[in-house]
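Scroll down for the structure; my scribbles are underneath it.
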Amino acid sequence: MLRAGEDLLKVEDRLWLLTAQTGTGIYDFAFDRFFACRRPYVLPEAPIDVVARAGAWPDYVERYRELEAQGLRLIHSPEQHQRATELPHWYPLLEDLTPRSVWFDAPPDADTVERRVGWPVFLKGARQTSRHRKSLSIIEGPDAFRQAMEAYAQDPILHWQQVVCRELRPLRRVDDTQGADALPRSFEFRTFWWRQQLVGWGPYWWQGTPYTLTPREEHDALALAGEAARRVALPFLVVDVAQEQSGRWIVIECNDGQESGYVGVSPFALWQRVLDLEQERTG
1197 MLRAGEDLLK VEDRLWLLTA QTGTGIYDFA FDRFFACRRP YVLPEAPIDV
1247 VARAGAWPDY VERYRELEAQ GLRLIHSPEQ HQRATELPHW YPLLEDLTPR
1297 SVWFDAPPDA DTVERRVGWP VFLKGARQTS RHRKSLSIIE GPDAFRQAME
1347 AYAQDPILHW QQVVCRELRP LRRVDDTQGA DALPRSFEFR TFWWRQQLVG
1397 WGPYWWQGTP YTLTPREEHD ALALAGEAAR RVALPFLVVD VAQEQSGRWI
1447 VIECNDGQES GYVGVSPFAL WQRVLDLEQE RTG
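Position in the sequence shown (from 1) plus 1196 gives the number in our numbering.
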């Protein structure tokens, strides 16, 4: 059974989508306003592959099994979803392309972090940060780390995740017009990959001062993201990349394309490209 608010669509007779409005402008997209969509009265007897755009489920494994029992097979298995979203699973594939990272099943003490990584560190959960809060992400020393761990224990997004400590790399800044406890805006871009083909890219920080890539920067950034997508090798992957002050490009993180916000990426252009690729693939 579909959950409340969910909708099953076949878009342009090429792609099955399970959608739900989340109320988040950078995530939601009204497919039936831009593409021909039909809603089946009866599902096909054979299992069908489905892309979810229904927000981030905290129970992906359970939801996958519920839908599979109804003949709806999400495009990422639970194992693939984990590889897309959790740093301990994608990091070993991209270790030479991304900042050095260590993770802990239980919150570590400051001495352990200093010994394993050194100060400062970039602190995050295995899946995500908490609303881009600087005080919970950029940690300068032991006292700040202990305060952050106390906050992590109470944070609804972070308390259940493994703790990840990353080498803090000097990123090229865009501007510093964010709030006092907001992460600095870096020269960062989000890329979407459908079956390892690029289907969309744009600035990660879509609000504030606009920024974009020169042709050479675009080549280098997308080449790095494409190599990451090739190694992680999933049907619908997001790779975020940023430029260091030295000019080097690095992978910031990976995510499941089913759960990721569009930020500065055009959703219409993204899905039109996906539909074109599906038409080529299936004939």
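All C-beta atoms in this analysis are idealised placements derived from N, C-alpha and C, irrespective of residue type, glycine included.
Since we're looking at a predicted model, the values are computed, not measured.
Helix, strand or coil at residue i according to DSSP, with G and I counted as helix
i     : result
P1411 : helix
T1405 : coil
G1267 : coil
V1313 : coil
L1293 : helix
R1229 : helix
E1423 : helix
F1341 : helix
T1220 : coil
L1204 : strand
F1464 : helix
W1286 : helix
P1399 : strand
R1323 : coil
L1433 : strand
Residue i, buried or exposed, once every other Cβ within 10 Å from all chains shown has been counted against 16
i     : result
R1234 : exposed
Y1237 : exposed
L1239 : exposed
F1341 : buried
M1197 : exposed
A1232 : exposed
E1241 : exposed
D1377 : exposed
H1439 : The displayed chain sequence assigns Gln, not His, to residue 1439. Answer is buried; the Cβ neighbour count reaches 16.
Integer-rounded CB distance, given that residue j should sit under 8 Å from residue i
i     : j     : result
Q1358 : A1322 : 4 Å
V1447 : T1294 : 4 Å
Within-9 Å CB hit, residue i to chain D
i     : result
V1435 : Going by chain labels, chain D is absent from the structure shown, which holds only one protein chain.
C-beta contact flag for residue i and residue j at 9 Å
i     : j     : result
S1273 : C1361 : no
V1461 : R1386 : yes
R1194 : L1379 : Residue 1194 lies beyond the stretch modelled for the chain, which goes from 1197 to 1479, so this question has no answer here.
> Would the region 1436-1451 and the region 1200-1208 be scored as touching if the rule is three or more Cβ pairs under 8 Å?
Replying inline: no
> Three or more C-beta pairs closer than 8 Å, one from the region 1335-1351 and one from the region 1302-1309: is that the case here?
Replying inline: yes
> Hey, is the region 1206-1224 in contact with the region 1235-1255, meaning 3+ C-beta pairs nearer than 8 Å?
Replying inline: yes
> Is the region 1427-1436 close to the region 1275-1282, with three or more CB pairs under 8 Å?
Replying inline: yes
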